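Worksheet for the structure shown next.
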Amino acid sequence: MAQQPSVYTTDHATSVLQTHKWRTVANSAAYLIPYLKPGMTILDVGCGPGSITIDLARLTTDSHVTGIDVADPLAEARASAVALGVNNIEFKVGDIHALDFPDNSFDVVHVHQVLQHISDPVKAIREMRRVAKPGGIVAARESASMEWFPESAGITAWRDITGKVSRAKGGNPHPGSGIHSWARETGFERSQITCSTGSWCFSSDEERAYWGGSMAERALSSGFAKIAVDGGYAKMEELKDISNAWLDFVDDDNAWFGLLHGEINVRFAGRKLAGAMQTQRHASQAQSRLPKRMSLSPRVAQPNPRTSESGKPVRRRQDGPFGGMNLKEAGIRGVPEFQRTSRTDSKSNDREGGKTNRREGYHALKMQRALAPVSYNSRTAVKERLQQIDSFKKFQLLPSVQESIEAQALKGLEDVMPTAVQRLTIPALLGEVSKHQRKKTAKAEREDFLIAAETGSGKTLSYLLPVIDAVKRAEQQDADVEEYNKMKQEEELKQNNLTLVSPPLTNMPHPTTGRPRAVILLPTSELVSQVGTLLKSLSHTVKFRSALISSSVSGKVIRNRLFSPGGVDILVSTPHLLASIAESDPNILSRVTHLVIDEADSLLDRGFSPLTSEIIDKSNPSLQQLILCSATIPRSLDSFLRKRFPDIRRLTTPNLHAIPRRVQLGVVDVERDPYRENKNLACADTIWSIGKSAADHEGPDKNAVDLKHVLVFVNEREKTQEVAEYLVTKGINAVALSRDTPEHRASEILADFTSSEKLTVPRGENPGSLADNQPNYLPFGQVAPPSKRNLPNMKVLVTTDLGSRGIDTLAVRHVILYDVPHSTIDFIHRLGRTGRMGRRGRGIVLVGKNDRKDVVREVKEGMFKGQALI
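Just so we're aligned: 713 in our numbering is position 709 of the sequence shown, and the numbers increase by one with no gaps anywhere.
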C-alpha cells in the first residue's frame, strides 16, 4: 500500500488479486453496515481490485466513494466499476502513510487487511483519523488467528513461514486482536472504540477450492515464495510441500479452514451510533446461488473421495519433494482457477426490498463458477499420455471397426487422427490397461463413465466405436446367435441344393429381435436421426443391425424396425418413446449391456430425469456399461451423479466448458448508426457482409463461389419466423426452425447444414430463394415480398436452442447471436455449432440497448484467453 514496495510485505500477483475479488461488504465489512448512511463520503484505503469499494458505493445512495492503492490493481478496479455501471466512485494512487487529502474530508475511512502488511500501522491510523470528519468513522479489520481441520504439517509450516516473511519485511502478522491498542496510541479514547469479531470459514467444496487453490498457487508463484527462498526462510521443496498440503485440503470433504478477524469502529467526535454489534459471519453465508441446473459444476473432473471399509474418507498421503517418483497410478489433482467476484444486483434489491443478491463468478456472467481443472503438472502429464496416441490403429478395436473409421466415419479426410476426447475415452471404454491404470483383478459388476468434453470435439464417435466393438465381440460369444446363424446356414444350403427336405422354421426370429444389446438415448428426434445416420454408415463395413425410432416416424415403422426378424443390435431413441414401449414390453431392455445417455445435462434434467432413470433401472440387471456424455455439466447434474453414481469414472478433457480459440467472436453494436436499435437490419447487413466477402474470394473455379451456411440464434421461438421473414425480404435464403416445424421437414432443413461436402454456386446466378418452394419457411399461403437484390451464395437457418445441442453442423462457419444468450451454457452450445472438429469459425453477437454488454465483453475476453466460461 505504501509508495515504497519494500514496505508492503505482499505483492499484487494474480493469485493474490483473485482472492481479493471475492471480498464484499457482506463477507468482509459487515460490521460497518450499521454506520452507513445515504450521502456519505467514503475512503477505502488499500482497495486492491475494488470489490469492497464498489459494494460500498452501491450500498450508499447519493454517496461518493474513493478507493486508493498502488497503481497495479487500480486499472482492474476501474474496469469493474464501469462494467457494473457504478458511477459514484473513483480510484486514485495513494500512500496510506501520507494520504493526499485535506483534513476532515470523509465521513467514513475504511481499511481491510492492510495494516498487517505495513511497517508503521499507528502512523497509518493517524493519517486515517486526520482525513476523517468530526463525528466520522475510522474502521479497520485485520486477521487475528486461524484454525483448520484436519491437522496438516504443510499448512502449519505455511503459517510459520508466512509470519517470518511478514516480520522480516516489517509487517505484523495477524494483528487483529490488538488493533484497538494501535488506535489508542493515535489518541482515541477507549470509549470511542467499538470492537467486534468476524470470521471467514471455508468448508464447502467451492469454498475449499477457492481458498486452498489460491494458497497453493501463492505458495509457489507469488512474491511470498521469492522472499521466503531468497531470505532463507524456506526451500523451494518446502514450498512445494506446502502447495501440495493446500491441494490435499481442497480434496478432503471433511476439511475446513477458519480465519478470525478483529474489527474496530472508531467514532472520535459527536454522538456514537447505536446498533454496532459483535457478530460472527461466515463466507458461506455471504453468497446466494443460482439454481443448480443453470450454473456449471465446479468439480467435474474430481471423482468422489475414496472411502475405507468403515465408510470414512481415506486421508490423502502427504508427498515429499520426491513423492511423484515410481508411481503405478496417476495422482491427478485439481487446482482451482479463481475468477470469482461478488456483486449486488440492484434490480433484485428493488424487488426484494433492499436485500442484496450476490453472485460468484465474473462480474457479469452470473452462470459462472470456478471450475477445478487439473493442475499444470497433471495436465501436462495427461497431454503427454494422449500425444502418444496418434492414430486410431493404436486402439484395440476389431479390424472391421478399424476399417469403418476411414471408410465411413471420417471418409474423405486426410491425416485422420483421434481427437483428445477420443484418445481419452476409447481406451477407457474398451477396458485397455495402461501403465497409468490399475489392472482389474475381477470382472466389474458395472462400469459407469462420464464423458465431458467441449462441443465439436468428436464425442459421438468416441462412444460409438467402443459400443460397436463390444456388440460385435458379444455376438461372437452368444450361443443363441451362433445357433441361429447355424440354422440359417443349413436352411440356405438346403435351398441351394433344391432338396425336398422340409427346411427349419423360416419365421424364427433373431435372438436380438426386440432385444437390443446397446441403447443410445438422445433428447430430440433430430439428434436421433443424426446419430442413427452415422450408425447406418458404419454398419456398411462392420455389419451390425441398428434401428432409430422417434416421434418423426409412424408406429408401424417403429414396430418394423424394433421387431425386425433380422434383429437389432443397437437402438437409438428418445427417452419418452422408449419408456412407453418398455412399459408395455419390459423385456425390451432385458439384454441391454451398453446404455449411452447423450446430452446428459438435458436427459437428467427435471423434464427427462424420471424417464431416463426408469430406463436405467430396467436395464440394470444386464447392464455392463453406463455411458453419460455432455459438453456442459451443470452443478445439478454433478450433484446427481455423485449421489446416484458415486463410483462413476470421469473422462474430462482440459478444454471442457471452453469455447475453442479457433472460434472468433465479433460484436455489432445495434445502438449505433445505421441500425439505431433495428436488430433485423443489423442481422441482414451482417449476413450480406459475409456473403459479399465470400463472393469476392476467388477459388480454383473463377466461375463459381462457395456456398456459405449461417446459423442465427434467437431466444424465443416466435422470433424465428419473424426474423426469417425479414431476411427473405432482403434477398437472403432464410428458413425458420423451431418446435413448430414438422419433424420430417426439420430433418430436411438440417441436412443442408450438417453436410461436410463443400458446395459452390455459379458466380452471378441466383438459385432462387428457398422460400419459393419450401412452404415451411413462411406461414402457409403467405409469400414474402420480392427483393430487388438477392444473395445467391448464402443459406441461413434461424433457430432457437433446438439447433444448438448436438447437431453436427460441419457446414457452418458463421453463427450470429441475434439475442444475447441467457447463460454461459447457452453461449457454449450456440457458439459450439461452428469451429467443429478443428475447423475455424466465427461468431457474431448483436448487442442492443437492453442487452448486457458486460456479459459479451467477458465472454469475448474468456474466449481469447481460452478460459472456461463457468
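Glycine is no exception: its CB is placed at the ideal position from the N, C-alpha and C atoms.
Quick caveat: nothing in here was measured; it's all calculated off a predicted structure.
Whole-number beta carbon distance between residue j and residue i, since they are thought to touch under 8 Å
| i | j | result |
| --- | --- | --- |
| VAL97 | LEU78 | 7 Å |
| ASP267 | THR201 | Here the sequence assigns Glu to residue 267, which means Asp is not the residue at that position. At roughly 6 Å, the Cβ-Cβ gap stays under 8 Å, so GLU267 and THR201 are in contact. |
| ALA662 | GLU865 | About 13 Å separates the two Cβ atoms, so there is no contact after all. |
| LEU402 | LYS476 | 6 Å |
| ASN92 | SER67 | 6 Å |
| SER550 | VAL576 | 7 Å |
| ALA474 | THR597 | 7 Å |
| PRO658 | LEU615 | In fact, because the Cβ distance is near 33 Å, the residues do not count as touching under 8 Å. |
Alpha-carbon to alpha-carbon, residue j and residue i
| i | j | result |
| --- | --- | --- |
| ARG519 | GLU862 | 50 Å |
| TYR730 | GLY670 | 22 Å |
| SER606 | LEU525 | 11 Å |
| ASN361 | ILE562 | Note that ASN361 scores a pLDDT of 42, beneath 50, so its modelled location is shaky; the value from the coordinates is reported in the next line. If I take the Cα positions, the gap works out to 51 Å. |
| GLU146 | VAL169 | 17 Å |
| SER584 | SER554 | 12 Å |
| SER568 | ASN591 | 16 Å |
| GLN668 | HIS121 | 43 Å |
| GLY807 | VAL532 | 13 Å |
| PRO307 | ARG680 | 51 Å |
| ASP907 | SER203 | A query on residue 907 cannot be resolved here, the shown segment of the chain reaching from 5 to 874 and no further. |
| MET491 | PHE548 | 19 Å |
| PHE612 | GLN392 | 39 Å |
| GLN372 | VAL824 | Annotation note: pLDDT 43 at GLN372 (below 50); position unreliable, no value reported. |
| THR190 | ALA144 | 14 Å |
| LEU390 | ARG844 | 23 Å |
| ILE829 | LEU119 | 42 Å |
| HIS286 | TRP260 | A caution first: HIS286 carries a pLDDT of 38, below 50, which makes its placement in the model unreliable, though a value can still be read off. Near 12 Å, if we compare the C-alpha coordinates of TRP260 and HIS286. |
| VAL557 | ARG521 | 22 Å |
| LYS683 | ALA85 | 28 Å |
| ASP642 | ALA456 | 11 Å |
| VAL471 | ARG450 | 15 Å |
| ASP394 | GLU388 | 11 Å |
| LEU468 | PHE717 | 29 Å |
| SER156 | VAL304 | 26 Å |
| PRO664 | ALA81 | 28 Å |
| THR235 | ARG188 | The identity of residue 235 in the sequence shown is Gly, whereas the question assumes Thr. Answer to the nearest angstrom: the Cα atoms are 34 Å apart. |
Sub-7 Å separation of residue i and residue j beta-carbons
| i | j | result |
| --- | --- | --- |
| LEU60 | ILE37 | no |
| ARG840 | VAL819 | no |
| GLY180 | HIS265 | yes |
| PRO2 | TRP186 | Because the chain here runs from 5 to 874, residue 2 falls outside it and cannot be looked at. |
| GLY43 | GLY54 | no |
| SER149 | VAL20 | no |
| LEU454 | GLN400 | no |
| THR57 | VAL69 | yes |
Cβ-based neighbour list, residue i, same chain, cut-off 6 Å, excluding 5 preceding and 5 following
| i | result |
| --- | --- |
| ALA740 | THR724, GLN725, ALA728 and VAL802 |
| GLY174 | SER123 |
| PHE649 | ASP452 |
| VAL142 | VAL113, MET132, ARG133, ALA136 and VAL270 |
| ALA411 | THR545 |
| LEU715 | LEU801, VAL816, VAL819 and ARG837 |
| THR23 | SER218 |
| HIS184 | ILE197, CYS199 and ILE268 |
| ASN176 | GLN120 |
Cut-off 8 Å between Cβ atoms - residues of its own chain near residue i, not counting five sequence neighbours on either side
| i | result |
| --- | --- |
| LYS397 | GLN406 |
| ALA586 | ILE592, LEU593, GLU618, ILE619 and LYS622 |
| ALA912 | As displayed, the chain neither begins before 5 nor continues past 874, which places residue 912 out of reach and without an answer. |
| ASP573 | VAL475, GLU479, THR516, PRO520, ARG521, ALA522, PHE548, ARG549 and SER550 |
7 Å CB neighbourhood of residue i in its chain, flanking five on each side removed
| i | result |
| --- | --- |
| HIS826 | ASN719 |
| ARG721 | SER742, ARG743, ASP744 and THR804 |
| GLU876 | With the chain covering 5 to 874 only, the question about residue 876 has no answer from this structure. |
| LEU645 | LEU454 and ILE652 |
| VAL860 | VAL671, VAL824, VAL849 and VAL851 |
| LEU660 | VAL304, ALA456, ALA457, GLU458 and ALA872 |
Does the stretch 421-428 come into contact with the stretch 460-470, if we say contact requires no fewer than three beta-carbon pairs (one atom in each stretch) closer than 8 Å? Result yes; three or more Cβ-Cβ pairs closer than 8 Å.
Contact between the stretch 211-228 and the stretch 247-255 (3+ Cβ pairs under 8 Å): Yes, they touch.
Count Cβ pairs between the stretch 598-605 and the stretch 613-631 that sit closer than 8 Å; are there 3 or more? These segments touch.
Could you check whether the stretch 100-113 touches the stretch 150-164, counting it as contact only if at least three pairs of C-beta atoms, one from each stretch, sit closer than 8 Å? With a cut-off of 8 Å on Cβ pairs, the stretch 100-113 is not in contact with the stretch 150-164, counting fewer than three such pairs.
Measuring CB atoms only, is the stretch 732-748 touching the stretch 850-866, in the sense that at least three cross pairs come out at less than 8 Å? Output reads no: the stretch 850-866 does not touch the stretch 732-748.
Do the stretch 555-569 and the stretch 634-643 touch if we need at least three Cβ pairs shorter than 8 Å? Contact fails: fewer than three Cβ-Cβ distances are below 8 Å.
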